[in-house]
Amino acid sequence: MQKIRNIAVIAHVDHGKTTLVDGLLEQSGTFGSHEAHDERAMDSNDLEKERGITILSKNTAIRYKDYKINIIDTPGHADFGGEVERVLKMVDGVLILVDAYEGVMPQTKFVCKKMLALGKMPIVVINKIDKPSADCDRVADEMFDLFADMGATDEQQDFPIIYAAARDGIAKLDMDDPDGNFECIFETILSHIPEPEGSPDNPLQSQVFTLDYDNYVGKIGISRIFNGTVNKGDNIMLAKADGEFVKGKITKLIGFHGLNRMEIEQAEAGDIVAFAGMETVDVGDTVCDPVNPVALDPMHVEEPTLTVVFAVNDSPLAGKEGKHVTSNKLRERLEFEMNTNVAMRLEVVGEGKFKVSGRGELQITVLAENMRRENFEFSISRPEVIKKEIEGVKCEPFEHLVIDVPEELSGGVIERLGKRKAEMKSMLPMGSGFQRIEFEIPARALIGFRGQFLTDTKGEGVMNHSFLEFRPFSGTVESRSYGALISMTPGSTLAFSLFGIQDRGVLFIGVQTEVYEGMIIGEHSRQNDLVVNPIKGKAQSNVRSSGADEAIKLIPPRDMSLERALEWIEDDEILEVTPKSIRIRKKFLTEAERKRNSRK
Numbered sequence: 000m001q002k003i004r005n006i007a008v009i010a011h012v013d014h015g016k017t018t019l020v021d022g023l024l025e026q027s028g029t030f031g032s033h034e035a036h037d038e039r040a041m042d043s044n045d046l047e048k049e050r051g052i053t054i055l056s057k058n059t060a061i062r063y064k065d066y067k068i069n070i071i072d073t074p075g076h077a078d079f080g081g082e083v084e085r086v087l088k089m090v091d092g093v094l095i096l097v098d099a100y101e102g103v104m105p106q107t108k109f110v111c112k113k114m115l116a117l118g119k120m121p122i123v124v125i126n127k128i129d130k131p132s133a134d135c136d137r138v139a140d141e142m143f144d145l146f147a148d149m150g151a152t153d154e155q156q157d158f159p160i161i162y163a164a165a166r167d168g169i170a171k172l173d174m175d176d177p178d179g180n181f182e183c184i185f186e187t188i189l190s191h192i193p194e195p196e197g198s199p200d201n202p203l204q205s206q207v208f209t210l211d212y213d214n215y216v217g218k219i220g221i222s223r224i225f226n227g228t229v230n231k232g233d234n235i236m237l238a239k240a241d242g243e244f245v246k247g248k249i250t251k252l253i254g255f256h257g258l259n260r261m262e263i264e265q266a267e268a269g270d271i272v273a274f275a276g277m278e279t280v281d282v283g284d285t286v287c288d289p290v291n292p293v294a295l296d297p298m299h300v301e302e303p304t305l306t307v308v309f310a311v312n313d314s315p316l317a318g319k320e321g322k323h324v325t326s327n328k329l330r331e332r333l334e335f336e337m338n339t340n341v342a343m344r345l346e347v348v349g350e351g352k353f354k355v356s357g358r359g360e361l362q363i364t365v366l367a368e369n370m371r372r373e374n375f376e377f378s379i380s381r382p383e384v385i386k387k388e389i390e391g392v393k394c395e396p397f398e399h400l401v402i403d404v405p406e407e408l409s410g411g412v413i414e415r416l417g418k419r420k421a422e423m424k425s426m427l428p429m430g431s432g433f434q435r436i437e438f439e440i441p442a443r444a445l446i447g448f449r450g451q452f453l454t455d456t457k458g459e460g461v462m463n464h465s466f467l468e469f470r471p472f473s474g475t476v477e478s479r480s481y482g483a484l485i486s487m488t489p490g491s492t493l494a495f496s497l498f499g500i501q502d503r504g505v506l507f508i509g510v511q512t513e514v515y516e517g518m519i520i521g522e523h524s525r526q527n528d529l530v531v532n533p534i535k536g537k538a539q540s541n542v543r544s545s546g547a548d549e550a551i552k553l554i555p556p557r558d559m560s561l562e563r564a565l566e567w568i569e570d571d572e573i574l575e576v577t578p579k580s581i582r583i584r585k586k587f588l589t590e591a592e593r594k595r596n597s598r599k
């Protein structure tokens, strides 16, 4: 039986997981010295490369000495927490990365809690030790405290610490040692992570933990083999989560090496492989022996907490920019997403309307951004929080929020969070003039808070949040404090009229932009909505005068990205998304319709 180690790399967002995996791939010689590869090679999706975040968990295999080390790189955002949980079941140990300055963050806690409960062995890597403000001793103490609070066993408490600067390929076991390479990480993995249990001679048991899709072979299940041996062409039995058994055949068996996938003939217990040939495969299913089928425990995936409605775009400018505009195309694309994305749900709510539920705004905007790049055109409603009835009490999700703010600005932020029903739990000085404050807050109060928070902290604040639990409903939360500037006529905007409008608030659009009646072109400086005419030209008269006309100076418009726009809109507004533009509009386009509906 080959020597295998299975590990996951987990950390808070942007603490350097993907960069570390890059270094491991390179220093183990998996990339030959002559092979070119991208920076952060694991982030293969365009969006991941642009934003510098990992969205999907990915796996790779490294050869070190005569060991095969399977490494799974996981996302750090709480929105993709569903991915992380499933991955933890598939591995025997975990590399936990912590930033040498930021220390323990909400996502670190979220992931450590899951990992300790499953009894996995941790190795802590304190990364970015080359930062000028790094404080490794404080971070090491924070990790010990965190493990103690979460009830770790003595073996888990006795974890090794490696100090690293993953970007430069440096790692060492003690801060006083000279800079070494990643060899100490490999050696620690071999000595601390237990080898996989299970035997190749037992009947086959393998659990699918993530899905992929290929246009030629259909659905691909990526799974960990717990027992037994599997060969290409084997007949198998697929045990579904509801206890049903389905017969199937493995048409393709795929192994991993570095970033490449290759077809293999056989795999045995302990390894992580992908297989094709089963259209009905789902996450959590067990692939087992047809003669003696024994299913493994099905997986529990976190419930979604947020829903938005995707709908066919019905604005006056519909169909001009996108290629896929019909409800059939929209439905196909969303169903395709549900095939591989387990933490999301889809239900049809009306003609051309689809309710998509996910774990957070980021997850939903990533889906929308991907669709936009594939030439889809659609509209999105304001995100809503999923409410539940627990023992007859109406409950809503609460989040654990951690913010880092400059000390002199913390008062305003605390006051604003107080209005949003947040409860302060702790406050710590972080050094270098920053404070870390922790809150518990209803999830719906966080919708639209990020933009406001960045304004209040002059762009210096950092906020992170993760799902806490469902609690009784906490009453109304204050919403956006400014109204909208709404266009009254269709046409193309002119500088002359925008110059007059910009004193009334902040514009979202520039000159020569197509607008229509009911489209929102800016944010009013007061609480009420204001209807304006952005296409009025200057009246021409027959009188000439020398330089009496002032030159028109326009303030550059606020750039509304997809996230920002989704956070900004209210219940009576819709986001129109096309490949070229993102527009905000009222649900009812004419002023008369809006008045009629406000009376209801």
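Using numbering that gives the first Met the number 0, you'd call the opening residue of the sequence shown number 0 and step up by one each time. Where is the CB? At the ideal position from N, CA and C, for every residue including glycine. As the structure is a computational prediction, the values presented were derived from the model and not from experiment.
- Grab me the residues of Val90's own chain with a C-beta within less than 6 Å of its C-beta, minus the 5 sequence neighbours each way, in chain order. Result list for Val90: Asn5, Ile6 and Ala7, in chain order.
Where Leu427 falls, given that 16 or more other Cβ within 10 Å makes a residue buried:
Around the beta carbon of Leu427, fewer than 16 other beta carbons sit within 10 angstroms, so the residue counts as exposed.
field: Between the CA atoms of Thr152 and Ala10 - distance to the nearest angstrom
entry: Taking the straight line joining both Cα atoms gives about 21 Å.
- request: Would you kindly work out how many angstroms separate the C-alpha atoms of Ser190 and Cys183, rounded to a whole number?
  value: Straight through space, the alpha carbons of Cys183 and Ser190 are spaced by roughly 10 Å.
Q) So, are the CB atoms of Pro405 and Thr488 less than 9 Å apart? A) The beta carbons of Pro405 and Thr488 sit no closer together than 9 Å.
Validate contact between the stretch 195 to 207 and the stretch 252 to 262 using beta carbons, cut 8 Å, 3 pairs: Output reads no: the stretch 252 to 262 does not touch the stretch 195 to 207.
When you compare each of Asp175, Pro382 and Arg557 to Leu361 by their alpha carbons, which one comes out closest? When each option's Cα is compared against that of Leu361, the closest is Pro382.
**Message:** Which residue marks the beginning of the alpha helix (DSSP H) containing Thr364, and which one marks its end?
**Reply:** Glu360 to Arg372 is the span of the alpha helix (DSSP H), which, as asked, contains Thr364.
| request: Determine, using beta-carbon pairs with one atom in the stretch 520 to 536 and one in the stretch 479 to 496, whether at least three such pairs fall under 8 Å. | output: A contact exists between the stretch 520 to 536 and the stretch 479 to 496.
**Asked** Which class does Ile192 belong to by DSSP, given the choice of helix, strand or coil?
**Response** Coil.
Per DSSP, the bridge partner or partners of Asn234:
In the DSSP output, where bridge partners are listed per residue, Asn234 has Lys248.
Exercise for review: Would you mind stating whether Glu262 and Pro199 have Cβ atoms separated by less than 9 Å?
Suggested key: Going by C-beta atoms, Glu262 is not nearer than 9 Å to Pro199.
**Asked** Alpha carbon to alpha carbon, how far is Gly92 from Thr454?
**Response** Near 41 Å, if we compare the C-alpha coordinates of Thr454 and Gly92.
Using only alpha-carbon positions, find the residue among Val282, Ile389 and Asn58 that is nearest to Met298.
-> The residue with the shortest Cα to Cα distance from Met298 is Val282.
Discussion item. With the cut-off set at 9 Å, would you say Glu350 and Phe472 are in Cβ contact?
Written reply: No, Cβ-Cβ distance for Glu350 and Phe472 is not below 9 Å.
Note to self: Less than 9 Å between the beta carbons of Ile125 and Ala147, yes or no?
What the structure shows: The answer is no: Cβ separation not under 9 Å.
Point to revise | Distance, Pro202 Cα to Ile54 Cα | key: Bear in mind that the predicted position of Ile54 carries a pLDDT of just 43, short of 50, making it unreliable; the figure below should be weighed with that in mind. One C-alpha to the other measures close to 35 Å.
Given a cut-off of 9 Å, decide if Ala421 and Phe438 are closer than it, judged by their beta-carbon atoms. Yes, Cβ-Cβ distance for Phe438 and Ala421 is below 9 Å.
* Asked: Which value, in whole angstroms, describes the spacing of the CA atoms of Lys130 and Ala165?
  -> The C-alpha of Lys130 lies about 12 Å from the C-alpha of Ala165.
Q: Could you check the C-alpha separation between Ala35 and Glu25 for me, to the nearest Å?
A: In this prediction, Ala35 has a pLDDT of 47, which is less than 50 and means its spatial position is unreliable; what the coordinates show is noted afterwards. Answer to the nearest angstrom: the Cα atoms are 11 Å apart.
Counting only the same chain and skipping the five closest in sequence on each side, list residues whose C-beta sits under 8 Å from that of Gly232. Setting aside the 5 residues that flank it on each side, Gly232 is surrounded in the same chain by Lys248, Ile249 and Thr250, each with a C-beta closer than 8 Å to its C-beta; the list follows chain order.
Practice prompt. Inspect the CB distances between the stretch 211 to 229 and the stretch 266 to 280 and report whether three or more fall short of 8 Å.
Written response: In short, these stretches touch, since the Cβ pair count reaches three.
- prompt: Can you give the Cα-Cα distance for Met559 and Val293, rounded to whole angstroms?
  reply: The straight-line gap from Cα to Cα measures roughly 53 Å.
Boundaries (first-last residue) of the beta strand (DSSP E) holding Leu345
Following the DSSP letters along the chain, one finds Leu345 inside the beta strand (DSSP E) bounded by residues Arg344 to Gly349.
Neighbourhood of Glu562 by C-beta distance below 6 Å, restricted to the same chain and skipping five residues each side: Correct list, in chain order: Thr364.
### Query
Between which two residues does the alpha helix (DSSP H) harbouring Val138 extend?
Run containing Val138: Cys135 to Asp148, per the alpha helix (DSSP H) assignment.
#### Entry: Contacting residues, own chain, Cβ-Cβ under 7 Å from Leu574 (five flanking each side not counted)
Only Ser378, Ile379, Ala564, Leu565, Ile568, Ile581 and Ile583 meet the Cβ criterion.
- CB Gly179 to CB Gly227, shorter than 9 Å? 9 Å or more divides the Cβ of Gly179 from the Cβ of Gly227.
Q | Whole-angstrom distance between Phe469 and Ile519, CA atom to CA atom | A | Answer to the nearest angstrom: the Cα atoms are 35 Å apart.
Spatial neighbours of Asp140 in its chain, beta-carbon cut-off 6 Å, leaving aside the 5 residues before and after: Closer than 6 Å at Cβ, skipping near neighbours: no residue.
Review point. Between Lys537 and the rest of its own chain, which residues show a CB-CB distance below 7 Å, the 5 nearest in sequence each way excluded?
Key: Here the set comprises Phe495.
Is the Cβ-Cβ distance between Leu445 and Leu400 less than 9 Å? For Leu445 and Leu400, yes; Cβs fall inside 9 Å.
- Buried or exposed: where does Phe335 fall if 16 or more other Cβ atoms within 10 Å of its Cβ makes it buried? Under a 10 Å Cβ-count criterion, Phe335 is classified as exposed, with fewer than 16 other Cβ atoms of the shown protein chains found around its own Cβ.
So, for Thr577: in the same chain, excluding its five sequence neighbours on each side, which residues have a beta-carbon less than 6 Å away from its beta-carbon? Counting only Cβ-Cβ distances below 6 Å, and skipping sequence neighbours, we find Glu320, Gly321 and Glu376.
- Query: Assuming Val245 and Thr285 make a contact with CB atoms under 8 Å, what is their CB distance in whole Å?
  - Reply: With a Cβ gap of about 11 Å, Val245 and Thr285 do not count as contacting.
* In the DSSP assignment, find the beta strand (DSSP E) that holds Phe274 and state where it starts and stops. => Note, Phe274: beta strand (DSSP E), Ile271 to Ala275.
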